[in-house]
Every structure is written in structure tokens, then in C-alpha cells.
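Shown next, in C-alpha cells, is the structure this report addresses.
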Amino acid sequence: MPGHAETLRRTGGREVKSIVFESETIAARVGELGQAITRSYPDGDLLVLGLLKGSFIFVSDLVRKIERPLQVDFLVASSYGRGTMSTGDVRLLYDPETRLEGKHILIVEDIVDSGNTLRRLLALLSERKPGSLAICALLDKVEKHEAFAELKFVGFDAPQAFLVGYGLDHAEDFRHLPFIADLM
Ligand code: IMP
Ligand code: MG
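My numbering applies: residue 41 is where the sequence shown begins, and numbers increase by one.
Shown next as C-alpha cells:
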């Protein structure tokens with residue numbers, strides 16, 4: 041567990057309110073998610089599709105805990121500018137060239153807030169006739185959205201706070217923190 045001085049060194053002096061998930065806690069949960077995903081999928085092609093940039097650390101840890109053949113690709117669906125509010129306007133910035141038809145697609149997302157990003161993305165991806173379409177999110181702000189069936193794997197319920205670290209950013213800062221912290 042990092043001390044206060046170490047945290048400030050990493051953030052360049054910016055105070056975080058509190059550490060919400062320690063790196064050890066995250067690692068243990070990612071291991072469990074990997075096992076659950078390993079058990080859930082029947083034979084067939086599994087494509088793990090990470091949403092950049094927020095999922096880059098989560099994807100790299102998660103795929104190493106999935107004990108079956110799979111492929112990895114990424115796409116960018118951006119809904120936030122420099123602020124911390126969702127606009128509901130989802131832009132798909134990169135389309136993977138990988139064929140999705142007939143494959144099991146597991147979308148990996150850092151955090152679900154309003155659910156708008158994922159809802160738009162699911163609509164776009166389902167047009168490509170995947171064999172199955174499911175989501176694994178590290179964090180879920182459960183109170184902010186209605187349930188959706190595709191959200192099959194969730195690491196943690198997230199508090200109503202703005203979280204940074206382990207891939208999550210605020211204006212592109214803090215993605216590199218090994219823990220998840222409450223910024224304000
Ligand atoms: P949604 O479309 O409202 O569900 O927003 C989801 C996206 O917003 C995530 O992929 C994140 O990039 C971003 N986001 C939502 N909440 C947070 C947060 O607490 N910290 C950092 N990014 C967040
Ligand atoms: Mg994101």
C-alpha cells in the first residue's frame with residue numbers, strides 16, 4: 041500500500057481524496073474475473089475487444105488470467121472531453137479490422153457510468169453478426185444506469201465519485217497509478 045508521500049510523487053503533488061481499490065485488491069479480483077471468463081465460454085473463437093484508452097491496463101492483466109485460446113483487439117469509443125461529464129455523444133474512433141462474424145466478442149471496459157458508451161457500441165457491433173456479445177467492466181456505477189443483459193462480468197461496484205488510476209484518467213492524467221483513487 042503506497043504511503044502519502046509516494047502517492048504525491050506519482051501524481052506530481054496533486055492530492056487524491058482516498059485510495060478506493062488497492063493494487064492487491066484489483067489483482068485478486070482480476071484473477072477471479074479471468075477464471076469466470078475461462079469457465080463461461082464454450083469452444084469457438086473468443087475475441088477480447090478492449091475499449092481504449094481506459095481499459096489498456098485492465099485488458100493486459102485480464103487476458104493473462106484467461107486460460108483458453110483468444111485474440112485481442114482494441115477500439116476507441118470516446119464520450120468525454122476534458123471535463124468529467126458524459127455528453128451522451130459517443131464517437132467510434134477506430135474500427136477493428138478483425139472480422140467479428142460468428143466469434144464470441146468480449147468487450148472490456150474500464151468503468152460503466154451512464155451506460156451510453158456501451159449501449160451505442162453494442163448496437164454497432166451486433167450489426168456485424170458476432171456469435172455472442174458480452175461485456176466485462178472493471179467498475180460499475182450501478183446506480184447511474186438501468187441493467188443491461190450483456191454486462192456479464194463486473195469487477196467492483198463503484199462509488200459515485202470520479203475515479204482515476206489503473207487506466208482511468210482525468211484529462212489524460214493519472215492513468216499510470218497502480219491503484220484506483222477518488223480524485224475529488
Ligand atoms: P458512460 O458512457 O456514461 O457509461 O461513460 C463511460 C466512460 O466514461 C468510461 O469508459 C470512462 O472512460 C468514463 N468515465 C466514467 N466515469 C469515470 C470515472 O469515474 N473516472 C474516469 N473515467 C470515467
Ligand atoms: Mg472509457
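Built from N, CA and C at the ideal position, the CB exists for glycine as well. All values reported here derive from a predicted model rather than from experimental measurement.
Going by DSSP, what residues sit across from residue i in a beta bridge?
i, result
"G195", "In the DSSP output, where bridge partners are listed per residue, G195 has none listed."
"V56", "V56 is not bridged to any residue."
"L187", "The sequence shown places Ala at residue 187, not Leu. Beta-bridge pairing links A187 to no other residue."
"G205", "L208"
"H144", "L86, S172"
"L179", "I151, F196"
"F61", "I220"
May I ask whether a heavy atom of the ligand IMP can be found less than 7 Å away from the beta carbon of residue i?
i, result
"S154", "yes"
"D209", "yes"
"G90", "no"
"I151", "yes"
"T157", "yes"
"L161", "no"
"F202", "yes"
"G21", "Because the chain in this structure spans residues 41 to 224, residue 21 falls outside the shown range and cannot be described."
Are residue i and residue j closer than 8 Å when you measure CB to CB?
i, j, result
"D113", "L87", "yes"
"G195", "L179", "yes"
"S95", "D150", "yes"
"V56", "L102", "no"
Does chain C have any CB closer than 8 Å to the CB of residue i?
i, result
"L179", "Absent here is chain C; the protein component of the structure consists of one chain."
| What runs of the beta strand (DSSP E), each 3 residues or longer, lie entirely inside the stretch 63 to 130? | Whole beta strand (DSSP E) segments, 3+ residues: 86 to 92, 111 to 118.
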